[in-house]
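Chemist: So my numbering is basically just the index in the first sequence, starting at one, shifted up by 1. I have a structure here, written as structure tokens, and I will follow up with some questions on it.
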Amino acid sequence: MGRCEENRSTRSISGSKASGKKNASSYTQTNKEETNRDRMKKYLTDKVGGALKSLSYDGITKLTFEKPKDETHGDITTNIAMLLAKSVKKNPRVVAQEIIGKLEVDPKYVSKVEIAGPGFINFRFTDEFYTAQIGNILKHAESFGKINIGNGKKTQVEYVSANPTGPLSVGHGRQAAVGDTIANLLEWTGHDVTREYYYNNAGRQMRMLAESTYARYRQLFDSSYIFPEDGYQGDYICKIADDLKKDRGDSIVAMPSEEALTICKEFAEQELFGAIKKVLARMGVVHDVFFNEDSLYKSGKIEEVITEFRNKGLAYDQDGAVWLKTSALGLDQDRVIVKSTGEPTYRLPDIAYHREKFRRGFELIVDVFGADHIATIPDVLAGVKALGYDPEKVKVVIHQFVTLMRDGEQVKMSKRLANFVTLDELIDEVGSDAVRFFFLMRSTSSHLEFDLNLAKEQSEKNPVYYLQYAHARIASILRFAEEQGTFNMADISTGIDYSLLKGPTEIALTKLLLDFPETIESCAMHFEPHRLTTYLQDIAAAFHRFYHEHRIVIPELDIAKARLVLCLAAKTVLANGCAILGITAPERM
RNA sequence: GCGCCCGUAGCUCAGCUGGAUAGAGCGACAGCCUCCGGAGCUGUAGGCCAGGCGUUCGAAUCGCCUCGGGCGCACCA
């Protein structure tokens, strides 16, 4: 890995990281088997399984439980009777009745079993079953929600990966937020995550950057100097040229052009990469590894791949170019991997890079790309497979485009005309929390409409504030309770009578809080950060409802304490969720 | 022409491996502060889930087709 530029510097940006440590062995707090729903399933699988056995219905079909959509249908449900109905030739409701007849459940856990609809068996658990677990949330505190399902699996998440030819756009911003949050989710589920940025500082784009910079530099001395036709038009090039002049005076003007261009390229690259890292850091995004495509050439990895394809009979020469027989790998047509000019196409280094990912020992590889890169993926996966690696280990997350809206109108952007909004400007305008949250709010497969007015709005309309407000409000209540002497943060773990929590809003909030670990699991396994944003909105809403129904700091100390502990649990989940999303959870606002 | 994504309330979008009367926010309308943060809460109105056919006990969800919108389809990355 010596070819990679390591960057394991401290990640202390905006306090958004729960921890800079990525030691898999620290994920011992919550085992998967211990999540609330798993516990319920395990219990019921045992009980219902027993009933099926005594009816000789076992082994016919798989017994599963799921969470009903509608809360009035109980806490957990099974469709087993409907699945059995056909093979035992009975009405599903009759089958359900038979099962219930043989069922023996502990009333301490299960308060209600009923047949509903076409033949669902619904179970309701007791309030105490839930509230008794609040202590568990407090015990794990900032680790509540961590689930060790990755077992330290070596995982790489590649995202952003923009070449240093200009400032990052809002599209890159979405990718940064999505990639970084997926990385966070994978860490929370026990994966050993490396955050990586792949770039190319050779090639045509960079040559154009050099020429553009050089031209702007020359124009500082002679305004009639001609700017290249396809050059980068943006003002940022002028600024780089300006800085170059400050740094080197007029010393480059007289140089031979090759030498001058090299200097311009390196200067511009350094300046742009600095700016890219800086703006990413503003969003709390810090990569561990910056992998330079050029290193693949220098170390001969590119040649190696070509040779191997040739040896396998998967590469051939035609019209002066080298072709990859992708048609033999299940794709519609063959593709060029080395142009007749001798230059490789992007496919070749991409394949070589992915092979390196495998060679470096990654067992799970997540690529986050923009929708415009969709077409390249099948080639790379086919290439990887041909080289003997399992393409199933590569998960590609494609995100669709971002549209900025201002005052109900779409903000027109064009990179070529250089009138696009940069990520930096976006953060300047609405702040890092809103940027991250808005980018994460939607499913990656959907286009994202970013409403600038809404993101700036400091009111209940703004979903970020709604969430953060809930956290700040709880913090305020806890402060108040401590001032009143009702509550002592130091000894909250003992002497709480959770059975005093029995209002509908108290129970609803409790249940939702206990869903946190499985929400994390689901988000991580499907690489879908947006579901966490929806979940946290629900938590905030459930808290506000609870708050409005019950006064918390009251003279009845037992009840006050139980409610305060519920508040603290809600605060914990909100804070942990925000940490994963990479947004702040303010104590005051 | 081919591939991928999307089409759900006036607007922006959820809806996890198919499940029971389709959800949220905004917008509209009507309410709620002697009391811990009203940046909050409650209620009303609003939908043939683009359309069609199929799979099944059961479809917004799966399959095929059509229509709309986006993004790609190079010896550019």
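We put the CB at the ideal spot given by N, CA and C, even for glycine.
1) For residue 246, write down the residues that DSSP places opposite it in a beta bridge.
2) Could you pull out every residue in the same chain whose Cβ sits closer than 7 Å to the Cβ of residue 194, ignoring the five residues on either side in sequence?
3) For residue 124, does the three-state DSSP call read helix, strand or coil?
4) For residue 427, I'd like the list of residues in its chain whose CB is within less than 7 Å of its CB, leaving aside the five on either flank, ordered along the chain.
5) Between residue 344 and residue 254, what straight-line distance do the alpha-carbon atoms span, to the nearest angstrom?
6) Would you identify the three-state DSSP class for residue 600, choosing helix, strand or coil?
7) Pop quiz: residue 404 and residue 448 are said to be a contact at Cβ under 8 Å. What is the actual Cβ separation, rounded to whole angstroms?
8) Rounded to whole angstroms, how far is the Cβ of residue 459 from the Cβ of residue 466, which I believe are closer than 8 Å?
9) The beta strand (DSSP E) spanning residue 259 covers which residue range?
10) Rounded to whole angstroms, what is the Cα-Cα separation between residue 103 and residue 392?
11) Would you say residue 238 and residue 217 are within 8 Å of each other, going by their C-beta atoms?
12) Given a threshold of 16 other Cβ atoms within 10 Å of its Cβ, counted over all protein chains shown, does residue 329 qualify as buried or as exposed?
13) Run through DSSP, which three-state label would residue 366 get?
14) Between residue 366 and residue 326, how many whole angstroms is the CB-CB distance? I'm expecting something under 8 Å.
15) Would you kindly report the start and end of the unbroken beta strand (DSSP E) that includes residue 1?
16) Would you report the Cα separation of residue 589 and residue 477, rounded to the nearest angstrom?
17) Can you tell which of 440, 371 and 521 has the C-alpha that lies nearest to the C-alpha of residue 144?
18) Taking just the CA atoms, how far does residue 362 sit from residue 316?
19) Among 130, 582 and 233, which has the Cα closest to the Cα of residue 468?
20) Can you list, in chain order, the residues of its chain with a C-beta nearer than 6 Å to that of residue 555? Leave out the 5 residues immediately preceding and following it.
21) Please go through the same chain and pick out, in chain order, the residues whose beta-carbon is closer than 8 Å to the beta-carbon of residue 375, but skip the five residues on each side of it.
22) Residue 42 and residue 75: beta carbons closer than 8 Å?
23) Within its chain, find whatever has a CB closer than 7 Å to the CB of residue 303; leave out the 5 residues flanking it on each side and keep chain order.
24) Helix, strand or coil: which one does DSSP assign to residue 523?
25) For residue 452, report the span of its beta strand (DSSP E) as first-last.
26) Below 7 Å CB to CB, which residues in the same chain sit around residue 570 once its five sequence neighbours on both sides are set aside?
27) Would residue 55 be called buried (16 or more neighbouring beta carbons within 10 Å of its own) or exposed?
28) Look up residue 558 in the DSSP assignment and say whether it is helix, strand or coil.
29) Would you give the residue range spanned by the beta strand (DSSP E) that residue 317 belongs to?
30) What is the DSSP secondary structure of residue 406, reduced to helix, strand or coil?
31) Can you give me the C-alpha to C-alpha distance between residue 78 and residue 380, rounded to a whole angstrom?
32) Once DSSP output is grouped into helix, strand and coil, what is the label at residue 374?
33) Excluding the 5 residues flanking residue 202 on each side, which residues of the same chain have their C-beta closer than 6 Å to its C-beta?
34) CA-CA distance, residue 548 and residue 163?
35) Note down the Cα distance separating residue 127 from residue 576, rounded to an integer number of angstroms.
36) Between the Cα of residue 150 and the Cα atoms of 179, 121 and 190, which residue gives the shortest distance?
Modeler: Looking at the coordinates:
1) Paired residues: none, contrary to the question.
2) 23, 156, 158, 184, 187 and 188
3) strand
4) 171, 174 and 436
5) 31 Å
6) This structure cannot settle anything about residue 600, because the visible part of the chain is limited to 2 through 590.
7) 7 Å
8) 6 Å
9) Segment 258-283 is the alpha helix (DSSP H) holding residue 259; no beta strand (DSSP E) there.
10) 48 Å
11) yes
12) exposed
13) strand
14) At roughly 24 Å, the Cβ-Cβ gap does not stay under 8 Å, so residue 366 and residue 326 are not in contact.
15) As displayed, the chain neither begins before 2 nor continues past 590, which places residue 1 out of reach and without an answer.
16) 7 Å
17) 521
18) 26 Å
19) 582
20) 561
21) 399
22) no
23) 297, 345, 349, 350 and 353
24) helix
25) 449-452
26) 135, 138, 139 and 514
27) exposed
28) helix
29) 316-319
30) strand
31) 44 Å
32) helix
33) 270
34) 46 Å
35) 28 Å
36) 190
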